[in-house]
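Okay, structure first, notes after.
Printed below as a string of structure tokens:
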């Protein structure tokens, strides 16, 4: 492999962060190569294009006043990146060797090849943790009223004045449940233990709401559905099991939100030398996309446990491309 | 004024950051009120909708594969914010009294009234500094080949293989000129003194380029134009004056980029108690939108001297709305 084979910039991931990085990098003549990944099941579906490929209606990405389907939006992002000359590869990056001496980084690809690059942007996202029920994943994929993001989906008309359930017991679950109290008739918080992990403030804030109710010592063992007027499958109820008595019961709901955390997609980076925070997200320098390794940048949900929105991920992707361009330029490589 | 008059959230500014904050806040039932500002000249045009109102083709905001006109894009953002129940006021906020004891903040409005709010998001943006020539501002407004942002506009087809000029001598001017060397036949850097303020690295990086040439001790005293095939006015040349000899000369160019800095729109915040960085931008906590004053958030170019893109501003607007919602919720106010 000679130096002509070294790419200026490789982008790993194809959600809003990855494509936005590609748009900016391609316009800056960095000839970016995007590894979009291959579809898998883990246990929920993971698709090139990221979490939005599983989102029916995106109403909060600015620029689409009437909303847009997630897959359609991601197709537009990709098209825009391709228009400016992005190269796209339908493979996974399976392992990385990041250099510490300014020489190119090496990435090992799922087709058995490897590629070298002066700069690498990691935009592999995160995946919501799911209960792992077949009915849950089926309804989540089909827009049937099961979701892992209340801020994304909670305000949709289908959930207005319906009873809704949230599964979880941490701060995020409290926040999601609290958000839903604005729209739901009642919000049931389903928790497998008899106490929350969430902070006291978050709990008090939620339990002060008239339409929030906690169901302790319960797990969801099945999601029950009906067929609506349009012939689509929608959630009707959840089947609960008491973790103490083992008793089962049905709870009628119009929506189910799983809030048991997210897992950033960083498994392939385990031996990379990158720094991670306690929750496993990539640690970034203050207000930049730079990681602890020169020439390695991160953008989107893989480095953001707080906001996790399409538009924040896109903004971070732009930052990563501009940071990479700046650094490559300073080294005379762009 | 009783407590019912206190707004949950006021957003000041109507660029990508302001509207995105409004979209998220409205969906979270924070009933946001957006003060969009009134048009003014200072010396370049300042319009509700921000700098994009002066941008003909936006090619790098993800989601528009074929590009979009700046004003059209901003109209879509506004429409989306209105759809979810944002209240819009066509006035400026002229002065603020931020409270430090948890009581509502007070904003003084250009119509002589005042408004109180538990949370305030500042998204007033920044304006490019211009030379102040009538011909320069006219061509900048009409898409005639004069711009204050190379990253935004430099890759447009109209500039390909043309000689281009950059005015300035700081790091940004070097960076913009360097960016343009990828597209231009020659990039002339026009500087009024005989040395740059820019860092040595940045200068060296630029001057290593074959197609970069510095014109020392020169100022642009007029922008000369022609009429193209479509009847539109386009730049043809700049009229230079030597700052030592006073001699005038014409330089033929297909584009002119003014890179003499930006000024964040913070004049109305002078006595607010907010913390600013050395360049006058609002100082934010690491990776959040929170300022040093509780309940006051900033988003977009008013708090970002580095990236300054529509998509980064939009991302920050989303963060500000989510931060405000989180904090209001924790105080039992949302």
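Chains as they are written, first to last, in this note's numbering: chain D, 16 to 349; chain S, 16 to 349. From the three backbone atoms N, C-alpha and C, an ideal C-beta is built for every residue, glycine too. Keep in mind the model is a prediction, meaning the values are calculated, not measured.
If you follow the alpha helix (DSSP H) that residue i is in, where does it begin and where does it stop?
{"i": "residue 85/S", "result": "85 to 98"}
{"i": "residue 33/S", "result": "31 to 42"}
{"i": "residue 331/D", "result": "325 to 345"}
{"i": "residue 154/S", "result": "149 to 156"}
Is residue i near residue j, with beta carbons less than 8 Å apart?
{"i": "residue 317/S", "j": "residue 120/S", "result": "no"}
{"i": "residue 49/D", "j": "residue 132/D", "result": "no"}
{"i": "residue 240/D", "j": "residue 154/D", "result": "yes"}
{"i": "residue 138/S", "j": "residue 330/D", "result": "no"}
{"i": "residue 315/S", "j": "residue 34/S", "result": "no"}
{"i": "residue 163/S", "j": "residue 308/S", "result": "no"}
{"i": "residue 267/S", "j": "residue 236/S", "result": "no"}
{"i": "residue 166/S", "j": "residue 151/S", "result": "no"}
{"i": "residue 111/D", "j": "residue 284/D", "result": "yes"}
{"i": "residue 181/D", "j": "residue 170/D", "result": "no"}
{"i": "residue 51/S", "j": "residue 104/S", "result": "yes"}
So is residue i in contact with chain S if we call contact Cβ pairs under 8 Å?
{"i": "residue 145/D", "result": "no"}
{"i": "residue 42/D", "result": "yes"}
{"i": "residue 351/D", "result": "Since the first residue shown for chain D is 16 and the last is 349, residue 351/D is missing from the structure and cannot be characterised."}
{"i": "residue 115/D", "result": "no"}
{"i": "residue 212/D", "result": "no"}
{"i": "residue 88/D", "result": "yes"}
{"i": "residue 218/D", "result": "no"}
{"i": "residue 31/D", "result": "yes"}
{"i": "residue 348/D", "result": "no"}
{"i": "residue 91/D", "result": "yes"}
{"i": "residue 194/D", "result": "yes"}
{"i": "residue 141/D", "result": "no"}
Does residue i come out as helix, strand or coil in the three-state DSSP assignment?
{"i": "residue 16/D", "result": "Confidence is the limiting factor: at residue 16/D the pLDDT is only 45, short of 50, which leaves the residue's position unreliable, though a coordinate-based value still follows. In the structure shown, residue 16/D sits in coil (DSSP, three-state: anything other than H, G, I, E or B)."}
{"i": "residue 178/D", "result": "strand"}
{"i": "residue 233/D", "result": "strand"}
{"i": "residue 299/D", "result": "coil"}
{"i": "residue 121/D", "result": "strand"}
{"i": "residue 212/D", "result": "coil"}
{"i": "residue 172/D", "result": "helix"}
{"i": "residue 240/S", "result": "strand"}
{"i": "residue 283/S", "result": "helix"}
{"i": "residue 317/D", "result": "helix"}
{"i": "residue 45/S", "result": "coil"}
{"i": "residue 188/S", "result": "helix"}
{"i": "residue 348/D", "result": "coil"}
{"i": "residue 222/S", "result": "helix"}
{"i": "residue 105/S", "result": "coil"}
{"i": "residue 76/S", "result": "coil"}
{"i": "residue 69/S", "result": "helix"}
{"i": "residue 322/S", "result": "coil"}
For chain D, check one thing: does any of its Cβ atoms lie closer than 8 Å to the Cβ of residue i?
{"i": "residue 17/S", "result": "In this prediction, residue 17/S has a pLDDT of 49, which is less than 50 and means its spatial position is unreliable; what the coordinates show is noted afterwards. Cβ-Cβ to chain D under 8 Å: no for residue 17/S."}
{"i": "residue 232/S", "result": "no"}
{"i": "residue 78/S", "result": "yes"}
{"i": "residue 202/S", "result": "no"}
{"i": "residue 55/S", "result": "no"}
{"i": "residue 305/S", "result": "no"}
{"i": "residue 344/S", "result": "yes"}
{"i": "residue 60/S", "result": "no"}
{"i": "residue 178/S", "result": "no"}
{"i": "residue 226/S", "result": "no"}
{"i": "residue 23/S", "result": "no"}
{"i": "residue 322/S", "result": "yes"}
{"i": "residue 38/S", "result": "yes"}
What are the start and end residues of the beta strand (DSSP E) that includes residue i?
{"i": "residue 166/S", "result": "Per DSSP, residue 166/S belongs to no beta strand (DSSP E); it is in the alpha helix (DSSP H), 165 to 168."}
{"i": "residue 129/S", "result": "129 to 137"}
{"i": "residue 24/D", "result": "22 to 27"}
{"i": "residue 202/S", "result": "202 to 205"}
Considering only DSSP beta bridges, list what residue i is partnered with.
{"i": "residue 266/S", "result": "253/S"}
{"i": "residue 277/S", "result": "143/S"}
{"i": "residue 112/D", "result": "121/D"}
{"i": "residue 304/D", "result": "Residue 304/D is not bridged to any residue."}
{"i": "residue 271/S", "result": "161/S, 180/S"}
{"i": "residue 54/S", "result": "Note: residue 54/S sits in no beta bridge, so no partner."}
{"i": "residue 248/S", "result": "242/S"}
{"i": "residue 291/D", "result": "297/D"}
Counting only beta-carbon separations shorter than 8 Å, does residue i have a partner in chain C?
{"i": "residue 330/D", "result": "Absent here is chain C; the protein component of the structure consists of chains D and S."}
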